[in-house]
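These protein sequence lines map, in sequence, to chains A and B. According to numbering that gives the first Met the number 0, the first sequence is numbered sequentially starting from 0. According to numbering that gives the first Met the number 0, the second sequence is numbered sequentially starting from 0. Positions of the beta carbon are idealized from the N, C-alpha and C atoms, including for glycine.
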Amino acid sequence: MARKKRTTRRRSSKKRRKSKRRHSRFPWTKILLSLLVVLLAYVVFLDIRVHRQFEGKRWSLPARVYARPLELYAGLHLTSEQFASELRALGYRSVRVARKAGEVSRNGKRFQLISRPFVFWDGQESSQSVRVTFSSTHLKSLQDDRNGGALALARLDPLEIGSIHTARQEDRILLRLGDIPDILVEALIAVEDRNFYTHHGVSPPAIARALWVNLSSGRVVQGGSTLTQQLVKNFFLSNQRSLWRKFNEAIMSLLLEWRYDKDEILEAYLNEIYLAQDGQRAIHGFGLGSRFFFQRPPQELSTAQIALLVGMVKGPSYYDPRRHPDRARERRNLVLRIMHEQGIIDRAQYQKSRTEKLGLVKPAAGTSKTFPAFLDMVRRQLRRDYDESDLVTEGLRIFTTLDPQLQWALQKSLDQQIRPVLKKQPQLQGAGLVTHSANGEVLALAGGREAGFAGFNRALDARRHVGSLIKPAVYLTALERSARYNLASLIDDGPLEYEQSGQLWNPNNYDRKFHGQVMLYQALADSYNVATARLGLDLGVNAVIKTLRRLSVDQPLNPYPSLFLGATDLSLLDVTHLYLNFASGGFQVPLRSIREVLDADSVPLQRYQLSVERVIDPAPAYLINRALQMVVVEGTARSLNRRFAAALGLAGKTGTTNDLRDSWFAGYDGEKLAVIWMGRDDNQPMGLSGASGAMQVWAGLFASAGAVKQQLAKPDSVEWYRVDRPSAGLADKGCKDTVQLPFIESQAKPAAAPCAQGRPLRWLPEWLQ
Amino acid sequence: MKRVIFLLALLLGACSTAPQRTLPPVVDGTQPRTTQPEAADSVERPDRVEAPVPTPAPSGGAVVALLDRADAYHQSGDISNEAATVERALRIDPNNGRLWNRLAVIRLDQGQPRQAEQLALKSNALSRGDTRLQAQNWRLVAKARWSMNDSAGARAAEQKIREPH
Chain A
0 MARKKRTTRR RSSKKRRKSK RRHSRFPWTK ILLSLLVVLL AYVVFLDIRV HRQFEGKRWS
60 LPARVYARPL ELYAGLHLTS EQFASELRAL GYRSVRVARK AGEVSRNGKR FQLISRPFVF
120 WDGQESSQSV RVTFSSTHLK SLQDDRNGGA LALARLDPLE IGSIHTARQE DRILLRLGDI
180 PDILVEALIA VEDRNFYTHH GVSPPAIARA LWVNLSSGRV VQGGSTLTQQ LVKNFFLSNQ
240 RSLWRKFNEA IMSLLLEWRY DKDEILEAYL NEIYLAQDGQ RAIHGFGLGS RFFFQRPPQE
300 LSTAQIALLV GMVKGPSYYD PRRHPDRARE RRNLVLRIMH EQGIIDRAQY QKSRTEKLGL
360 VKPAAGTSKT FPAFLDMVRR QLRRDYDESD LVTEGLRIFT TLDPQLQWAL QKSLDQQIRP
420 VLKKQPQLQG AGLVTHSANG EVLALAGGRE AGFAGFNRAL DARRHVGSLI KPAVYLTALE
480 RSARYNLASL IDDGPLEYEQ SGQLWNPNNY DRKFHGQVML YQALADSYNV ATARLGLDLG
540 VNAVIKTLRR LSVDQPLNPY PSLFLGATDL SLLDVTHLYL NFASGGFQVP LRSIREVLDA
600 DSVPLQRYQL SVERVIDPAP AYLINRALQM VVVEGTARSL NRRFAAALGL AGKTGTTNDL
660 RDSWFAGYDG EKLAVIWMGR DDNQPMGLSG ASGAMQVWAG LFASAGAVKQ QLAKPDSVEW
720 YRVDRPSAGL ADKGCKDTVQ LPFIESQAKP AAAPCAQGRP LRWLPEWLQ
Chain B
0 MKRVIFLLAL LLGACSTAPQ RTLPPVVDGT QPRTTQPEAA DSVERPDRVE APVPTPAPSG
60 GAVVALLDRA DAYHQSGDIS NEAATVERAL RIDPNNGRLW NRLAVIRLDQ GQPRQAEQLA
120 LKSNALSRGD TRLQAQNWRL VAKARWSMND SAGARAAEQK IREPH
């Protein structure tokens, strides 16, 4: 048709040329040619644009972030309730008998489930059919469900805890066409574009039909867009309904069809289509949509759930099943009817699916909001090693160290301590950090009292006076001078006045009393300020600073004696570094929040390996650990004994700052270290001591997560002795009031106690001189 | 066969390393094995507190399974996955001195003598009473130090191999 027009025009121009001669010869050919060139250039421009979008979108994938996978094995510390909550979060369906991956059947403490296949760093973990039985505190047995044999180990798929996306906040989970159930694709084509496999990008019959319907009803009720056109429309995300845009869309659709085959276009569509909005985050594609609404991969969706998602394509906000459940159900059932009419599902399936509930998960579960403080830490680590653009486009898979069980327990415990006090102390805040002592993995992190709130990350960024939390550094410095100090060395807790550059320093104890001569361990256990100050002065500020530096505290430290009592600002992270040295038996373990990074095709990119460095010799490490256990046995943390068995060997230290501005507790069991802080952002008093605030959060955390027995590794050079409390001398059976303490065998130990030698107690005053 | 022996040793390791570190009873509980007190020289021989009886680690099966896998990776020359698998085992049984030793060996293979040395020291801290493992660790420490040109340190470690434990 175009050619015909052109020839007629050419003819008429000839005539004109003849009549008007050379002067007014109109350059038709040139104009036409230039028009053609312009049109061609425009098409090329559109082609480049849509091609770039298509290729770019195929690879523009946010990094996905996973929690640690749960490893199941006999002896694991896990209750049936914790296991059930983990499975719920992972979206395992509760059924009578598990037959497919992602299904679980539970009978009290017995579970039968089929795990999902998953690609980890060390390869594919295939789907396993297992039976799991729990005792009240442990996983009791793990069996292969097919043959009943005992299984040594099974690894579940990890909980996805977030993604790192572009400024446009588009989020998606990339699916290959093969990962998408056929029935979803068939339903989509049946509902949205029946001629998909035959048209060339635009469908004139569909447009004609739409035009007819729209004209006869006087408004736009039907769109004639093919899937290809919808895909193009999604690429450029413009909602204006102009003819020009329609024209562009049509051209680009033709171009896409010319460049790519149907399956490529379909795959792009399934990953690109906009399905929902989650706050700032746009949910694109059926992979993420499936997770967002049902918390499971598309392969595990029911027919009704597939129909619901397919139905939503037409109007994601209009048919939003959370906001408009009735509308969404009606639309779903319409899709089901079409599926039945088209022979995609049989009558029975249709009838059954029509009556099914919508089956949505709560929006909070599985979204990026769940662990913002931890993700913040992960992002910081990633940004040190990767370009921002790679993080948001390369589809990296980030395997982190987060333990959801501990994270939930930490948040719950913080909430339980803070909520009741909020009326009196509306500004009370709290934060916590839990790490694996042996390998430094960050297991849980709370940056504030509100779990899902992404704000000021107090665990990483708040620096506060640490109070008595710093004291172990003073005592370790002393114990490392083993010729002079041991756990029973007597320290004077009498009044102290110290003058430095004209200023008088006279520290006081928390109970405003002086306790005379006390054993070194006791001064730490009861957190006596005056005894600690005296010990510190004897050692020197520089010696203590040197110890802190060795224990990887790299913040500026105030070089005054008040440092011995914690008058220096540290973050929760710094305190964690400090205490990890103790909890790991004298080894420094760098903190890690990421284990591995894989690329979009699960090819390993980077491992963050476990490393250790001995910073405290085994003997003093053992002594300081025993002293920190004594804090719980008989010191400021002794109220923990009401909740925990003494045999657990818990260790820790309370910290309270002036006028009750900061409440700290750092404590560990045989497996993990948790540091908790409570206070106000404006640094005003809030009425809680270390023991009455942070320690209670710690106790709640360990009570619900389960405390693991701590077995300190005794070096050969250390032996235990009984010490007579009144005299601080070595005791024997003749002594009534004794405490057992470890000593370095080759070093000086206390002399015999009066009771051990059968001598009268009058020796005592001399001892105390 | 070699592997069977290693696994057996590992199981024994799991039994002997982890549990010998239970706390002694606190503040005058039961009196463990006291010698007859002799008033005069009790200063020289005061009451020592005995170490408690070991109990087997419950997670041994999982750890053995992971070490099987680590062996397979080792055989196929996939050292990175061998390391990852041993670290996985360490998450389950962090007090197992043999696992730390295995990781130390891997780090030396990976060309990280400093880490090999440190991990061997960590293994030693958890291997009380296991003189063979301790000797292995000191040998590893010596090797690592030699490769870092720390001859004095290496000789000190070699001295430890010969020392009775």
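Simplified DSSP assignment, three categories, for R153(A): The sequence given here has Ala at residue 153(A), not Arg. In the structure shown, A153(A) sits in a strand (DSSP, three-state: E or B).
Pairwise C-alpha distance: Q554(A) and F110(A): Distance between the alpha carbons of F110(A) and Q554(A): 49 Å.
Neighbour-count burial assignment, A303(A), 16 or more Cβ in a 10 Å radius: buried
Given R330(A) as reference, the closest of S726(A), S126(A) and V312(A) once Cα atoms are compared: V312(A)
D573(A), buried or exposed, once every other Cβ within 10 Å from all chains shown has been counted against 16: Counting the other CB atoms within 10 Å of its CB gives D573(A) a total of 16 or more, which places it among the buried residues.
Chain B contact for F513(A) (CB, 8 Å cutoff): no
Residue range of the alpha helix (DSSP H) that includes L390(A): Annotation for L390(A): the continuous alpha helix (DSSP H) segment containing it runs E387 to T392.
Best match in S412(A), V360(A), L60(A) and P68(A) for proximity to G699(A) [C-alpha to C-alpha]: Closest option to G699(A), Cα to Cα, is S412(A).
Local conformation of A83(A) per DSSP, three classes: Helix at A83(A).
Amino acids of chain A, ordered along the chain, whose beta-carbon sits closer than 8 Å to that of G152(B): Per Cβ cutoff of 8 Å: no residues; G152(B) is ~13 Å from chain A at best.
Whether E440(A) touches W120(A) by CB criterion (8 Å): no
Simplified DSSP assignment, three categories, for L729(A): strand
Buried or exposed (CB count within 10 angstroms, at least 16 for buried), D715(A): exposed
Residues that N95(B) contacts on chain A, provided the C-beta gap is smaller than 7 Å: Under the 7 Å cutoff, chain A gives no residues; its nearest Cβ is about 10 Å from N95(B).
With 16 other Cβ atoms within 10 Å as the buried cut-off, status of I30(A): Classification for I30(A): exposed.
F581(A) (DSSP reduced to helix, strand or coil): helix
Cβ of F82(A) within 8 Å of any chain B Cβ: no
Pair within 8 Å by beta-carbon distance, G288(A) and A275(A): yes
Neighbourhood of T434(A) by C-beta distance below 7 Å, restricted to the same chain and skipping five residues each side: In chain order, E440, V441, L442, T575, L579, L590, K671 and L672 place their CB closer than 7 Å to the CB of T434(A), counting only its own chain and leaving out the 5 sequence neighbours on each side.
Beta bridge counterpart(s) of M677(A) as assigned by DSSP: G429(A) and S662(A)
Burial state of D386(A), where buried means 16 or more other Cβ atoms lie within 10 Å: exposed
Chain A contacts made by the segment 88-120 of chain B, where a contact means CB separation under 8 Å: L89, R90, I91, P93, N94, L102, Q114, Q117, L118 and L120
Backbone secondary structure at S592(A) - three-state DSSP: coil
Short CB-CB distance (under 8 Å) between Y72(A) and chain B: yes
8 Å Cβ cutoff, G60(B) in contact with chain A: yes
DSSP three-state assignment for P753(A), whether helix, strand or coil: helix
Within 7 Å of chain B by C-beta, residues of the segment 379-403 of chain A in sequence order: none
Residue burial classification, G28(B) (beta-carbon count within 10 angstroms, cutoff 16): With a pLDDT of 30 at G28(B), under the threshold of 50, the modelled position of this residue cannot be trusted; read the value that follows with caution. By the 10 Å Cβ count, G28(B) comes out exposed.
C-beta atoms of L649(A) and D668(A) nearer than 8 Å: yes
Contact set for Y784(A): own chain, Cβ-Cβ below 7 Å, skip 5 residues either direction: The structure shown does not extend to residue 784(A), since chain A is modelled only from 0 through 768, so no value can be given for it.
Contact list for P617(A) against chain B, beta-carbon separation under 9 Å: Against P617(A), the close residues of chain B are L120, N123 and A124, in the order they occur along the chain (beta-carbon pairs closer than 9 Å).
A186(A) - containing alpha helix (DSSP H), residue span: D181 to E191
The segment 264-272 of chain A / the segment 152-161 of chain A touching (three or more Cβ pairs under 8 Å): no
Sequence-distant residues of its chain with Cβ nearer than 7 Å to P749(A) (five each side left out): A487, V722, A727, G728 and L729
Outcome for P425(A) when other beta-carbon atoms lying within 10 angstroms are tallied against a minimum of 16: exposed
Nonlocal neighbours in the same chain, by C-beta distance under 8 Å from D681(A), ignoring five residues either side: Q426
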